[in-house]
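See structure below.
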Amino acid sequence: VVYDDGLLKLGGSGATYQYKNHGNRPFIDYLEMIDKIYVGNGITVLNLNIFSYLLAKEVVFEENSDLFNISTGAFHSMPYLTELNIPEGVTSIGSIAFKRSTGLRRVNIPASVKSISDTAFKSCSTALVYYVAEGSYAESYAIANGWNYSNESFVINGFVEEDGELYYYDNGVKHTQRGLFKVGNDY
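Residue numbers 5 to 191, in my numbering, belong to the letters of the sequence shown in order.
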């Protein structure tokens, strides 16, 4: 669902459809309008090109996410996305998953990740910092590939769901956004 305020809410359960080209996605007419993406906790796989070329600035994963795979090109060429907190439970990040998402500056890669494609972050900014758990596969991968990484957590900015409520963090300061995107029981 795409709301008038620019929110794309991806709900349901299981893997997303594999869009073989960018032009056949159901929200193609809203590419320039979508500035926030909310991924429901029933989604297990973000498949081929699901969000590629969107101009979204934020991606929020619902609490208790079932997501385990970020597939080929899922976030390809998203120039305004600056940070992403990949949810715990994701085990693999596919080829060109974030390719040319040149605005990325901070990505949290959870300890659950056991596989990262060599091209997952191809052509991203050299200013990108990867936040990884000490002793994790992601830390070993970062060291082996010369990534700029940190074992510290980054300050959250943007929309986050906590305990069934949606909050906005601005430089780590929590603001209530009760009802801002709420439609029935959906955000």
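Every residue gets a Cβ at the ideal spot worked out from N, C-alpha and C, and that includes glycine.
Element boundaries [beta strand (DSSP E), containing residue i]
{"i": "Glu62", "result": "62 to 65"}
{"i": "Arg109", "result": "From DSSP, Arg109 is part of no beta strand (DSSP E); its letter is neither H nor E."}
{"i": "Leu50", "result": "47 to 50"}
{"i": "Asn89", "result": "87 to 89"}
Which of helix, strand or coil DSSP assigns to residue i
{"i": "Val187", "result": "Only weak support is given to the placement of Val187: the predicted model assigns it a pLDDT of 37, under 50, and the question is left unresolved by the model."}
{"i": "Tyr141", "result": "helix"}
{"i": "Ile74", "result": "strand"}
{"i": "Arg182", "result": "Because the pLDDT at Arg182 is just 41, under 50, the model does not fix this residue reliably, and the point stays unresolved."}
{"i": "Ile120", "result": "strand"}
{"i": "Gly176", "result": "Note that Gly176 scores 47 on pLDDT, short of 50, meaning its location in the model is unreliable; the coordinates nonetheless yield the value given after this. Reduced to three states, the DSSP call for Gly176 is coil."}
{"i": "Ile147", "result": "helix"}
Residue of the options minimising C-alpha distance to residue i
{"i": "Asn53", "options": "Ala148, Ile74, Trp151", "result": "Ile74"}
{"i": "Tyr84", "options": "Ala60, Pro91, Gln22", "result": "Ala60"}
{"i": "Glu143", "options": "Glu92, Pro114, Gly107, Phe125", "result": "Pro114"}
{"i": "Met37", "options": "Tyr7, Asn51, Lys24", "result": "Tyr7"}
{"i": "Tyr145", "options": "Thr130, Ala124, Glu156, His80", "result": "Ala124"}
{"i": "Val111", "options": "Gly77, Leu12, Ser157", "result": "Ser157"}
Residues bridged to residue i (per DSSP)
{"i": "Tyr170", "result": "The question names Tyr, but residue 170 in the sequence shown is Leu. Answer by DSSP bridge pairing, in chain order: Glu165."}
{"i": "Ser69", "result": "Answer is none; Ser69 lacks a bridge partner."}
Along the chain, which unbroken stretches of the beta strand (DSSP E) at least 3 residues long are found entirely within the region 5 to 39? 11 to 14
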